[in-house]
Amino acid sequence: MSRLYEGLLEALRLIISFDPDLLTIVLLSLRVSITAILLATLIGVPIGTLLGLKEEKKTGFFNKIIFTFMGMPPVVAGLIIFLILSRQGPLGVLGLLYTPSAMIIAQVFLASPIVIGLTMVGIRAKGGEIEETARSLGAGSALAAWTVVKESRYAILGAVITGFSRVVAEVGAVMIVGGNIEGHTRVMTTAIVLETRKGNFELAIGLGIILLMISFIVNSVLYTIQKGGKKN
Amino acid sequence: MKAVRKIYDEEVLYINELILTKGCIYGVIGPSGAGKSTLLRIINMLTDQSSGEILYNGEPAPKNGLGKLTLQRNMALVFQKTLLFKDTVWNNIAYGLKARGFNKKEIEIRVNSLLDQIGMTELASRRAETLSGGEAQRVAIARAVAFEPEILLLDEPTANLDPGNIELIEEMIIKMARDKAITVIMVTHNVFQAKRIADQVIFINQGKIVEMGPTEKIFSKPDNESTRLFVEGKMVY
Ligand SMILES: Nc1ncnc2c1ncn2[C@@H]1O[C@H](COP(=O)(O)OP(=O)(O)O)[C@@H](O)[C@H]1O
Ligand SMILES: [Mg+2]
């Protein structure tokens, strides 16, 4: 009990004093996951919108694939990206393994299906109606699609935030492709695993608290957005 | 419009021939499920007909590309279930003008004048989500007429509205049609509404035009027995 208590106190001290080790880890975590979710948004929103505007019957096969990928275990995603990026793999020449770029790729791979799937579901609810309204007012295809995206912004933002909270908290994929190298590819989740094993509970608890805070903030935003979306 | 058919799971619309005249107000009446909405959607080219041909000013309608868009831009459709964009009233009305690349000044003039016409100048910056049913419908119609389409298609524009709003919207429709020589095709479940504002009435039943003629004639001495029953409110269906 006292170990937890002392660990907690020390963890708070580390956080309040902006401990450089802790800061490096948190910033890398955020950089990797934010970059990943931005890329996943660029990929996922257009695809999800397109699929959402098609009749459900016609996208049945895609639906199954996307929903499977949405629930993919991070370690499996890590393994796949590892095999692709490893020296013998198809993209081995790029030498990306054990770099933050590899971690970003793995997280894009994890987050894109979530963004695609949730965008698709959100658009399917009313997208057809919105598209027709836009067209009936003289919108061409591009403007009509943009209007659908704009009108479905709550659902899309929800999709993006859900994707972010999934990748920022995942450990399996970044561990495999990043390698948890100190100061280079060590992020919050992999650091917690390592520090706990080493018995360095202060840093582990400190990172755990920050991760929880991020999760709290992200979910509060999500909750507010969904409330706003329902109202309309 | 010639020999136009629409088949979903079964044939829901078959129109042998329908000729519409510019600047006329048409009232389309008929029981629900008759194919009235389908007819509007086909005219607006939101759905393709299964067979047959639609001619606009004597020219066959292009099925796609810029030609189709240009033609669509001459029309506006107000849906049975209207959807306003989650945006301000002002931006809703401006939508079609922006889509057509009108300049800022022109957009401002038109939107403001329409806001005045629908008595909603004070509500210009209100979010459309917060409007009452009657206000929302006025905005939907203002949004559709802002770009002065040649053909205005209205699908039960006053369903579920109170008498005050119905009167206001009917006045608006008549004024638009007369001032700008817009052809109006208005579907209505309310035969009295058709009687009040239409020049010509089209009675559709089970996907077919049963009778079409001057409003007065349809209401006083229709050729068809089922038309008579329908306009007298005696049709059983
Ligand atoms: N997208 C669709 N798919 C299948 N059937 C449809 C579709 N839209 C309309 N229908 C059918 O077509 C018929 C005519 O519908 P509609 O034109 O909406 O009638 P109305 O507007 O006169 O009430 C109805 O039987 C309806 O069920
Ligand atoms: Mg209808």
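The listed protein sequences correspond, in order, to chains A and B.
Each residue of the first sequence is one higher than the one before, counting from 181 in the working numbering.
Each residue of the second sequence is one higher than the one before, counting from 111 in the working numbering.
Every residue gets a Cβ at the ideal spot worked out from N, C-alpha and C, and that includes glycine.
Simplified DSSP state of residue i, which is helix, strand or coil
i: Ser-66 (chain B); result: In the structure as shown, chain B starts at 111 and stops at 347, and residue 66 (chain B) therefore has no counterpart that could be examined.
i: Gly-359 (chain A); result: coil
i: Met-322 (chain B); result: strand
i: Ala-186 (chain B); result: strand
i: Leu-123 (chain B); result: strand
i: Pro-170 (chain B); result: strand
i: Val-273 (chain A); result: helix
i: Val-341 (chain B); result: helix
i: Thr-198 (chain B); result: strand
i: Gly-175 (chain B); result: helix
i: Val-328 (chain A); result: helix
i: Ile-129 (chain B); result: coil
i: Lys-237 (chain A); result: helix
i: Val-351 (chain A); result: coil
i: Ser-395 (chain A); result: helix
i: Gln-406 (chain A); result: helix
i: Thr-206 (chain B); result: Residue 206 (chain B) is actually Gly in this sequence, not Thr. DSSP places Gly-206 (chain B) in helix when its eight states are reduced to three.
i: Thr-180 (chain B); result: helix
i: Leu-193 (chain B); result: coil
i: Leu-383 (chain A); result: helix
i: Lys-290 (chain B); result: helix
i: Ser-400 (chain A); result: helix
i: Glu-285 (chain B); result: This sequence places Lys at residue 285 (chain B); Glu is not what is there. It is helical.
Inter-residue spacing [alpha-carbon to alpha-carbon] between residue i and residue j
i: Ala-254 (chain B); j: Ile-295 (chain B); result: 13 Å
i: Glu-280 (chain B); j: Ala-204 (chain B); result: 22 Å
i: Leu-230 (chain A); j: Glu-321 (chain B); result: 42 Å
i: Ile-394 (chain A); j: Val-401 (chain A); result: 11 Å
i: Ala-284 (chain A); j: Ile-390 (chain A); result: The residue asked about is misnamed: residue 284 (chain A) is Ile in this sequence, not Ala. Rounded to whole angstroms, Ile-284 (chain A) to Ile-390 (chain A) spans 20 Å at the Cα level.
i: Leu-181 (chain B); j: Leu-156 (chain B); result: 12 Å
i: Phe-212 (chain B); j: Pro-170 (chain B); result: 28 Å
i: Gly-275 (chain A); j: Phe-262 (chain A); result: 11 Å
i: Lys-305 (chain B); j: Val-138 (chain B); result: 11 Å
i: Phe-381 (chain A); j: Leu-218 (chain A); result: 32 Å
i: Asn-222 (chain B); j: Met-230 (chain B); result: 9 Å
i: Val-212 (chain A); j: Gly-363 (chain A); result: 13 Å
i: Leu-161 (chain A); j: Gly-323 (chain B); result: A query on residue 161 (chain A) cannot be resolved here, the shown segment of chain A reaching from 181 to 412 and no further.
i: Glu-120 (chain B); j: Gln-159 (chain B); result: 13 Å
i: Thr-298 (chain B); j: Asp-265 (chain B); result: 7 Å
i: Ala-238 (chain B); j: Val-255 (chain A); result: 46 Å
i: Gln-268 (chain A); j: Leu-374 (chain A); result: 28 Å
i: Leu-149 (chain B); j: Met-355 (chain A); result: 60 Å
i: Tyr-278 (chain A); j: Ala-257 (chain A); result: 15 Å
i: Thr-293 (chain B); j: Asn-243 (chain A); result: 44 Å
Closest Cα partner of residue i within the set the options
i: Leu-222 (chain A); options: A:Pro-200, A:Ser-292, A:Lys-234, A:Ile-264; result: A:Ser-292
i: Asn-126 (chain B); options: B:Arg-210, B:Gly-162, B:Val-311; result: B:Gly-162
i: Gly-232 (chain A); options: A:Phe-241, A:Glu-331, A:Gly-302; result: A:Gly-302
i: Gly-272 (chain A); options: A:Thr-327, A:Val-357, A:Lys-378, A:Thr-313; result: A:Val-357
i: Ile-319 (chain B); options: B:Thr-325, B:Glu-326, B:Val-311; result: B:Val-311
i: Val-288 (chain A); options: A:Gly-297, A:Gly-224, A:Leu-189; result: A:Gly-224
i: Ala-335 (chain A); options: A:Val-348, A:Ile-296, A:Phe-198, A:Val-367; result: A:Ile-296
i: Asn-184 (chain B); options: B:Arg-210, B:Ile-217, B:Ile-164, B:Gly-168; result: B:Arg-210
i: Ala-291 (chain B); options: B:Arg-248, B:Asp-158, B:Ile-261; result: B:Ile-261
i: Leu-207 (chain A); options: A:Leu-374, A:Ile-372, A:Val-367, A:Lys-378; result: A:Val-367
i: Leu-278 (chain B); options: B:Val-249, B:Arg-151, B:Asp-289; result: B:Val-249
i: Leu-311 (chain A); options: A:Ile-294, A:Met-300, A:Glu-331; result: Checking the sequence, you will find Glu at residue 311 (chain A) rather than Leu. The candidate whose alpha carbon is nearest that of Glu-311 (chain A) is A:Glu-331.
i: Thr-268 (chain B); options: B:Arg-151, B:Asp-309, B:Val-188; result: B:Val-188
i: Glu-190 (chain A); options: A:Thr-404, A:Ala-384, A:Ala-325; result: A:Ala-384
i: Gly-168 (chain B); options: B:Gly-140, B:Leu-207, B:Leu-128; result: B:Leu-128
i: Glu-326 (chain B); options: B:Gly-317, B:Asn-315, B:Arg-338, B:Gln-316; result: B:Arg-338
i: Thr-198 (chain B); options: B:Ala-186, B:Tyr-166, B:Glu-232, B:Ile-135; result: B:Glu-232
N-terminal and C-terminal residue of the beta strand (DSSP E) that residue i is part of
i: Phe-357 (chain B); result: The structure shown does not extend to residue 357 (chain B), since chain B is modelled only from 111 through 347, so no value can be given for it.
i: Gly-320 (chain A); result: That residue, Gly-320 (chain A), is in no beta strand (DSSP E); it is neither H nor E in DSSP.
i: Gly-137 (chain B); result: 135 to 139
Residue range of the unbroken alpha helix (DSSP H) whose run includes residue i
i: Gly-297 (chain A); result: 280 to 316
i: Val-225 (chain A); result: 200 to 233
i: Lys-296 (chain B); result: Correcting the residue type first, residue 296 (chain B) is Met in the shown sequence and not Lys. From DSSP, Met-296 (chain B) is part of no alpha helix (DSSP H) but of the beta strand (DSSP E) over 293 to 297.
i: Gly-338 (chain A); result: 333 to 348
i: Ile-261 (chain A); result: 254 to 265
i: Asn-243 (chain A); result: 240 to 250
i: Met-368 (chain A); result: 368 to 378
i: Gln-303 (chain B); result: 301 to 307
i: Ala-191 (chain A); result: 182 to 196
i: Leu-150 (chain B); result: 146 to 153
CB contact below 7 Å: residue i versus chain D
i: Thr-215 (chain A); result: Of the protein chains in the structure, A and B, none is chain D.
Residue i CB to nearest heavy atom of ligand 3 below 6 Å
i: Ser-281 (chain A); result: Because ligand 3 does not appear in the structure shown, any question about it cannot be addressed here, the ligands present being ligand 1 and ligand 2.
Uninterrupted alpha helix (DSSP H) stretches inside the stretch 210 to 282 of chain B (no shorter than 4 residues): 214 to 227, 243 to 255
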